[in-house]
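Asks:
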Amino acid sequence: MEMELIVSSGDNQYSSKQGISPLLAEYIFENNQFSNPEVKIKVINNSDKDVYFQVLELAGDYEIQVAEFFEEKGSMKLPAKPNQGESIAVGDELECFIPDAYLNNGIRNYDNIYKLIVSNREFDASLLQQEGLDNPPPVNRSTDLSW
Numbered sequence: 418m419e420m421e422l423i424v425s426s427g428d429n430q431y432s433s434k435q436g437i438s439p440l441l442a443e444y445i446f447e448n449n450q451f452s453n454p455e456v457k458i459k460v461i462n463n464s465d466k467d468v469y470f471q472v473l474e475l476a477g478d479y480e481i482q483v484a485e486f487f488e489e490k491g492s493m494k495l496p497a498k499p500n501q502g503e504s505i506a507v508g509d510e511l512e513c514f515i516p517d518a519y520l521n522n523g524i525r526n527y528d529n530i531y532k533l534i535v536s537n538r539e540f541d542a543s544l545l546q547q548e549g550l551d552n553p554p555p556v557n558r559s560t561d562l563s564w
């Protein structure tokens, strides 16, 4: 099993297959406005067995959710590779963004991590979801302690 992420920022495209470093999705300022970067996913089954998979998104605020690349929230079947080649599922393109609560606190970096979950049986990936923490961390942290 393989997962490839393709990030588009303006006219630039970056693939997770191009290296081992994290992909950076940058906002592009054009025509007096910012345009959000976009991310697309490709899941490849190059094995000789049918598998079930789903992609989870681990957000910067520690939220875990089923990524919206595919409509299905449970597992999705990806058949075994044919005699020649591989079996591929390509997801929808999603916009990346930094939540306003973080931007308003001066936070300009926000991590999203995508995890591929694979099984030989169907499963309900939505059971792995959890809400994020309520507030972004403060920009200025005080070290004043009163005793």
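Convert by adding 417 to the 1-based position in the sequence shown; the result is the number in our numbering.
In this text, a Cβ means the ideal position worked out from N, Cα and C, and glycines have one as well.
This structure is a prediction, so every number in the text was calculated from the model and none was measured.
Between the C-alpha atoms of serine 433 and glutamate 447, what's the straight-line distance to the nearest angstrom?
Replies: Those two C-alpha atoms are separated by around 26 Å.
Asks: Who does leucine 495 pair with in a DSSP beta bridge?
Replies: Val468
Asks: With DSSP run on the structure shown, which of helix, strand or coil describes lysine 490?
Replies: It is coil, neither helix nor strand.
Asks: Taking all protein chains shown into account, do 16 or more other C-beta atoms lie within 10 angstroms of the C-beta of proline 439, making it buried, or fewer, making it exposed?
Replies: exposed
Asks: Answer with buried or exposed for glutamine 471, where buried requires no fewer than 16 other C-beta atoms within 10 angstroms of its C-beta.
Replies: It counts as buried.
Asks: Where does glutamine 435 sit, in a helix, a strand or coil, going by DSSP?
Replies: helix
Asks: Determine the closest residue to glutamate 455 out of Gly477, Lys466, Leu475 and Asn429, with distance taken between C-alpha atoms.
Replies: Proximity to glutamate 455 across Gly477, Lys466, Leu475 and Asn429 peaks at Asn429, based on C-alpha coordinates.
Asks: Who are the Cβ neighbours of serine 425 in its own chain at under 6 Å, not counting the five residues just before and after it?
Replies: Glu455
Asks: By Cβ distance, which residues of its chain are closer than 8 Å to isoleucine 458, with the 5 residues on each side in sequence left out?
Replies: Met420, Glu421, Leu422, Ile423, Val472, Ala484, Phe486, Val507, Gly508 and Tyr531
Asks: Put tyrosine 531 into one of helix, strand or coil per three-state DSSP.
Replies: strand
Asks: Would you say leucine 544 reaches chain D, if we count a Cβ-Cβ gap shorter than 7 Å as a contact?
Replies: Absence of chain D from the displayed structure is noted, only one protein chain being present.
Asks: Determine, using beta carbons only, whether serine 504 and glutamate 539 come nearer to each other than 7 Å.
Replies: no
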